[in-house]
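J.: Following my numbering from start to finish, the sequence shown increments by one per residue and tops out at 265.
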Amino acid sequence: MGVSVARIRVLVVDDHRIFAESLAAALAAEPDVDVSAAGSGPAALRCLERASAEGRRYDVMLVDAELGILAANGVRVPAPRAAPDGGPGPGGPVDGISLVTGVRATQPHIRTVVLAERDDPRRAAMALQAGASGWVAKDCSLQRLLAVIRGVLRDETHLPAALLTGVLRELTAARKHRTESEQLVESLTPREREVLRCMVAGLGRKAVAERLFLSPHTVRTHMQNVLGKLGVHSTLAAVALARRAGVGPAPLTGDVVERGGQLA
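#1: Beta carbon of residue 131, beta carbon of residue 105: below 8 Å?
#2: Quick check on residue 127 - is its C-beta less than 8 Å from some C-beta in chain C?
#3: Taking 8 Å as the threshold (C-beta atoms), are residue 186 and residue 240 in contact?
#4: Measuring CB to CB, does residue 227 end up less than 8 Å from residue 197?
#5: State the Cα-Cα distance for the pair residue 26 and residue 245, rounded to the nearest angstrom.
#6: Taking all protein chains shown into account, decide if residue 98 is buried (16 or more other Cβ within 10 angstroms of its Cβ) or exposed.
#7: Would you kindly report the start and end of the unbroken beta strand (DSSP E) that includes residue 149?
#8: Which first and last residues belong to the beta strand (DSSP E) in which residue 38 is found?
#9: Residue 135 and residue 172 - do their beta-carbons sit closer together than 8 Å?
#10: What is the C-beta distance between residue 68 and residue 37, in whole angstroms, given that I count them as a contact (C-beta under 8 Å)?
#11: Which residues bound the beta strand (DSSP E) around residue 135?
#12: Counting only the same chain and skipping the five closest in sequence on each side, list residues whose C-beta sits under 8 Å from that of residue 51.
#13: Could you have a look at residue 19 and say whether DSSP puts it in helix, strand or coil?
#14: Which same chain residues, not among the five before or five after residue 19, have their C-beta less than 7 Å away from its C-beta?
#15: At what residue ranges does the region 180 to 227 contain a whole run of the alpha helix (DSSP H), taking only runs of 4 or more?
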């Protein structure tokens with residue numbers, strides 16, 4: 002009689018088809034690994050949703066650090082990210098970090114490992130903050146990758162030794178910026194915080210006015226006060242600071258008439 006082996010379900014997400022298929026084939030040769038591949042963030046989300054609906058959830062997701070970065074006229078440009086709350090934006094999350102954030106929010110049982118062509122402390126720190134459990138070089142050995150996969154399932158965090166100092170520096174700096182941002186946000190009045198949350202949600206002045214039952218002129222004044230107190234000069238900068246401070250978007254209910262409006 003054979004002994005049943007607990008199987009690890011792995012999803013490889015990489016828009017380089019040859020690499021994704023080669024890695025999936027190598028992992029599939031392991032007796033305790035079931036593996037699938039997806040060529041984009043939206044495709045990965047569809048795989049995850051389908052598997053969850055069928056009761057065969059994935060355990061580990063391997064994500065390309067440069068997922069969604071396309072070559073255009075020889076220049077690599079990032080594809081659109083997810084919405085500010087980490088959920089799908091228009092077309093769903095497509096870049097690697099946004100995909101990690103979205104999956105962490107919706108399927109927290111899945112452990113994510115980022116596969117990178119080069120060491121990047123800032124990007125690795127962002128991945129860990131987004132919820133990734135590891136950062137591994139794409140050219141590492143299969144044995145090393147399998148050790149990481151099994152390790153993250155034991156709630157271990159895996160980083161190359163060469164990245165540790167840089168990542169700790171980035172995380173320390175991010176914590177300092179978060180503290181400073183939190184202090185600035187605390188200087189806002191309750192109404193200004195409401196307006197800021199609407200800005201984080203992507204609402205323009207007219208939509209904020211309708212949502213909060215205020216006149217556009219009053220909303221404009223609140224927005225100007227928010228920018229002044231936060232020490233920034235644009236809505237985009239205010240939203241970035243708010244996100245660092247942990248300010249989430251206002252929940253969107255009902256029809257939104259205007260989105261992405263600019264402060265005049």
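Glycine included, each C-beta is placed from N, C-alpha and C at the ideal position. Being a predicted model, the structure only gives us computed values, none of them experimental.
T.: Reading it off the structure:
#1: Your numbering for residue 131 matches position 130 in the sequence shown. Your numbering for residue 105 matches position 104 in the sequence shown. Taking 8 Å as the Cβ cut-off, residue 131 and residue 105 qualify as a contacting pair.
#2: Note that chain C does not occur in the displayed structure, where there is just one protein chain.
#3: Here residue 240 corresponds to residue number 239 of the sequence shown, with the count starting at 1. Here residue 186 corresponds to residue number 185 of the sequence shown, with the count starting at 1. Result no, Cβ atoms of residue 240 and residue 186 do not sit closer than 8 Å.
#4: Locating residue 227 in the sequence shown gives position 226, where the first residue counts as 1. Locating residue 197 in the sequence shown gives position 196, where the first residue counts as 1. Yes. Within cutoff.
#5: Mapped onto the sequence shown, residue 26 falls at position 25. Mapped onto the sequence shown, residue 245 falls at position 244. Each residue's alpha carbon lies about 40 Å from the other.
#6: As a first step, residue 98 is located in the sequence shown; it is residue number 97 there, counting from the start. Residue 98 should be labelled buried.
#7: Position 148 of the sequence shown holds residue 149. Note, residue 149: premise wrong, no beta strand (DSSP E); alpha helix (DSSP H) at 143 to 153.
#8: Translated into positions along the sequence shown, residue 38 becomes position 37. Its beta strand (DSSP E) spans residues 34 to 39.
#9: For the purposes of this step, residue 172 is taken as residue 171 along the sequence shown, with counting starting at 1. For the purposes of this step, residue 135 is taken as residue 134 along the sequence shown, with counting starting at 1. No, the pair does not count as a contact, with Cβ atoms beyond the cut-off.
#10: Within the sequence shown, the letter at position 67 stands for residue 68. Within the sequence shown, the letter at position 36 stands for residue 37. Residue 68 to residue 37, Cβ: 16 Å. No contact.
#11: Translated into positions along the sequence shown, residue 135 becomes position 134. First-last of the beta strand (DSSP E) with residue 135: 135 to 138.
#12: Taking the first residue of the sequence shown as position 1, residue 51 is located at position 50. Same-chain partners within the cutoff: there are none.
#13: Translated into positions along the sequence shown, residue 19 becomes position 18. Residue state, collapsed to three classes: helix.
#14: Mapped onto the sequence shown, residue 19 falls at position 18. Closer than 7 Å at the Cβ level, and outside the excluded window around residue 19, lies no residue.
#15: 191 to 201, 206 to 213
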